[in-house]
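Peer 1: Mind having a look at this structure? Questions to follow.
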Amino acid sequence: MPHYNTWPGVLFQDDFFVPKGFKVYFTRNSIVHGEKLHQWQHVEVLTSEPQYCVRLDADDYDIKPTTVYRIRASVLVNQVESAPSKIILLDTREAVIKPVKVFANGSAILEFVPGENVGENYVAEYREVTVGVEDENNWRSVKAQSNAGNRVTLSFLMPNRTYEVRLLGNDHVMNKRWSRIVTFTTNNTAQLPQVTLDPERISVDPDVSLPLEVRCNAVSIPLASIRWLVDDKPVEPDHLFYTISNVTIVEQMASRSIRMKFRTRNSNLTCVATNAAGQVSKSVIVRILGPGSPPSSVTVKNERGGYTVSWLPPLHPNGNITKYVVYHSFHKDDPLSDWQKVVLDSTENSVRVLSHDDDGFYVRVQAAADSGPGVISDIVAIEKDTNGILRYPFHADILAIPVTVSVQYIDPPGRERLLIEPEEKVSLTLFMKDEWMLTWNFRLPRFAWTNLKQPSLQYFMVG
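Each step along the sequence shown adds one to the number in UniProt numbering, with nothing skipped, and position 66 is 66.
In structure tokens form, the structure reads like this:
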């Protein structure tokens, strides 16, 4: 049963008039004369507080709903009762819930007639009815307002279930004023999943060190299963780049995320949620703002008067390549801003850098697309070792090493140089830092070593 509170209060500025208590009079009998307070019900409270909240419990004082009460209050000062206050009219009419409209999508609309003396704020509470179980902690609440519509929508209800619903109104006179409970039953139709993605839009710079994750939430009755597609294709369980999380469930919401190992490639990620009502999908396009990988197969060749740098397009261009930028320097530790820069058209795949400096040469190559600049390559270098021998990076497909040449050939008399004719078979033995030795026979086009002395250590380039 409801209860009702009153707050009579008087402000006293002299200790002589400190209140000793209050009396609250109330009646629902409109015939009783206002001055005959002995015929009214009353509550007496002894307190020295200048304000006091008096609880009028409906069970103790037989307070009826949908009834108009008259209330007056007086103050006790030095065992003398003051004149009563003016009459306050209080209507205990409660909010009335109309028949509940139930829909096939797992929702219901609750319409009501507002109660008297209640503001615009209401709370609708509902719970599932379980036979033999009465749990006051099982109520769920939805905020509502008393407006032109006077309606509340209850969503995500389970199919084929019975629910109880009630309204709670609050104002400054009555606390927890409940309406009567109304019972309704939902139908047996399943609800299509409501799918949301987080985030819904993705545009990020390329980064080979940061991952990227998208979460899919599907709310439905019954719960939906979730799977992910990448560019309209299912993701293999052991995929090296895309990882699918396990499903987590909170009430009627199932969640599952997909994780990209790096931010390197454009993708169309699609979440597909399925239950008995059908299938719903939602997609997000991952847009990487530039090539997600550097130009591939970057090579450097040391040639007379300079170096030739060549490359292949990046594996993940993420758009149309618009240009290449070649950075080069003779000092590896200089900041990139101090390196020389050559900008080339997207159709180019090599550039020659003129130089007579053979102490060391360092190169980095970067591609740019119409979506933005891409990831820059690692350093590709040609540099001398401690013996002054030029070293080529092995991944540049060029190896410059000292070799010992042994040629099985009879030198004609009077010849000042060793001349190897085309298609002649030559046997070579190569040594490198005493770590390994390689011997093989092959045929070469015409070339010559001048001033050859036997035996002699020469440098042979193998491409």
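Heads up, the beta-carbon is just placed ideally off N, CA and C, and yes, glycines get one too.
What number of angstroms, rounded off, separates the C-alpha of Ser245 from the C-alpha of Ser257?
Peer 2: Spanning the two alpha carbons is a distance of roughly 5 Å.
Peer 1: Starting from Cys271, follow its DSSP beta bridges and name the residues at the other end.
Peer 2: Paired residues: Trp228, Lys282.
Peer 1: Quick check: the Cα distance between Thr185 and Ser155, rounded to an integer number of angstroms?
Peer 2: For Thr185 and Ser155, the distance between alpha carbons rounds to 14 Å.
Peer 1: Taking 7 Å as the cut-off, is the C-beta of Asp232 nearer than that to any heavy atom in the ligand FAD?
Peer 2: Because no ligand of any kind appears in the structure shown, any question about the ligand FAD cannot be addressed here.
Peer 1: Got a sec, what are the start and stop residues for the beta strand (DSSP E) Trp311 sits in?
Peer 2: That run of the beta strand (DSSP E) goes 306-314.
Peer 1: Does the beta-carbon of Arg180 have 16 or more other beta-carbons within 10 angstroms, so that it is buried, or is it exposed?
Peer 2: Classification for Arg180: exposed.
Peer 1: Can you name, in chain order, every residue of its own chain whose Cβ lies under 7 Å from the Cβ of Asp370, other than the five neighbours on each side?
Peer 2: Excluding positions up to five away in sequence, the list reads Gly319, Asn320, Thr322.
Peer 1: Tell me where the beta strand (DSSP E) around Asp345 begins and ends.
Peer 2: Where Asp345 is concerned, the enclosing beta strand (DSSP E) stretches over 340-345.
Peer 1: Val230 to Gln191, Cα distance in whole Å?
Peer 2: Those two C-alpha atoms are separated by around 26 Å.
Peer 1: By DSSP, does residue 473 sit in helix, in strand, or in coil?
Peer 2: The requested residue 473 is not part of the displayed model; the chain covers only 1 to 463.
Peer 1: Going by DSSP in three states, Asn138 sits in which element: helix, strand or coil?
Peer 2: Three-state DSSP puts Asn138 in a helix.
Peer 1: Residues bridged to Ser203 by DSSP?
Peer 2: DSSP output for Ser203 lists Arg287 as bridge partner(s).
Peer 1: Do you know how far the Cα of His328 is from the Cα of Val403?
Peer 2: Any reading at Val403 must be qualified, since the residue scores a pLDDT of 42, below 50, and its modelled position is unreliable; no value is offered.
Peer 1: Roughly how many angstroms separate the alpha carbons of Pro114 and Ile288, rounded to a whole number?
Peer 2: Approximately 55 Å between the Cα atoms of the pair.
Peer 1: Could you tell me whether the region 294-309 touches the region 213-220, using the rule of 3 or more Cβ pairs below 8 Å?
Peer 2: Flag = no, the region 294-309 and the region 213-220 do not touch.
Peer 1: With distance defined between alpha-carbon atoms, name the residue in Arg161, Pro211, Val353, Ser310 nearest to Thr189.
Peer 2: Selected option, being the one with the closest Cα: Arg161.
Peer 1: Starting from Lys301, follow the beta strand (DSSP E) in both directions and report where the run begins and ends.
Peer 2: Segment 295-303, the beta strand (DSSP E) holding Lys301.
Peer 1: Would you call Ala83 buried or exposed, if buried means 16 or more other Cβ atoms sit within 10 Å of its Cβ?
Peer 2: Label assigned to Ala83: exposed.
Peer 1: Within the continuous beta strand (DSSP E) that includes Val77, where are the two ends?
Peer 2: First-last of the beta strand (DSSP E) with Val77: 68-77.
Peer 1: Is it the case that the region 329-338 contacts the region 274-293, given that we only count it when at least three CB pairs across the two stretches are under 8 Å?
Peer 2: Segments in contact, no.
Peer 1: Taking C-beta to C-beta, are Val363 and Val343 nearer than 8 Å?
Peer 2: No, they are not a contact pair.
Peer 1: Taking just the CA atoms, how far does Thr264 sit from Pro314?
Peer 2: Taking the straight line joining both Cα atoms gives about 11 Å.
Peer 1: My output table needs one value for residue 478: the three-state DSSP class, helix, strand or coil.
Peer 2: Nothing can be reported for residue 478, as the shown portion of the chain is limited to 1 through 463.
Peer 1: Taking the beta strand (DSSP E) that Ile88 falls in, what are its first and last residues?
Peer 2: Segment 88-91, the beta strand (DSSP E) holding Ile88.
Peer 1: Hey, quick one: how far does the beta strand (DSSP E) through Ser257 stretch, first residue to last?
Peer 2: Residues 253-260.
Peer 1: Taking contact to mean at least 3 C-beta pairs separated by less than 8 Å, is the region 202-211 in contact with the region 260-279?
Peer 2: Output reads yes: the region 260-279 touches the region 202-211.
Peer 1: What residues in its chain sit with their C-beta under 6 Å from that of Val142, if we drop five residues either side in the sequence?
Peer 2: Excluding residues within five positions, the ones whose Cβ falls inside 6 Å are Ala124, Val152.
Peer 1: Would you say Val165 reaches chain B, if we count a Cβ-Cβ gap shorter than 8 Å as a contact?
Peer 2: Among the chains in the structure shown there is no chain B, since it carries only a single protein chain.
Peer 1: Using the rule of at least 16 other Cβ atoms within 10 Å of the residue's Cβ for burial, across every protein chain shown, is His331 buried or exposed?
Peer 2: Classification for His331: exposed.
Peer 1: Around the C-beta of Phe442, are 16 or more other C-beta atoms found within 10 angstroms, so that it is buried, or is it exposed?
Peer 2: Summary for Phe442: the model assigns pLDDT 46, below 50, so the residue's position carries little reliability, and this model does not support an answer.
Peer 1: Between Pro317 and Tyr307, what straight-line distance do the alpha-carbon atoms span, to the nearest angstrom?
Peer 2: C-alpha separation (whole angstroms): 26 Å.
Peer 1: Could you tell me the alpha carbon to alpha carbon distance between Ser99 and Val247, rounded to whole angstroms?
Peer 2: At residue 99 the sequence reads Pro, which differs from the Ser that was named. So the alpha carbons of these two residues sit roughly 38 Å apart.
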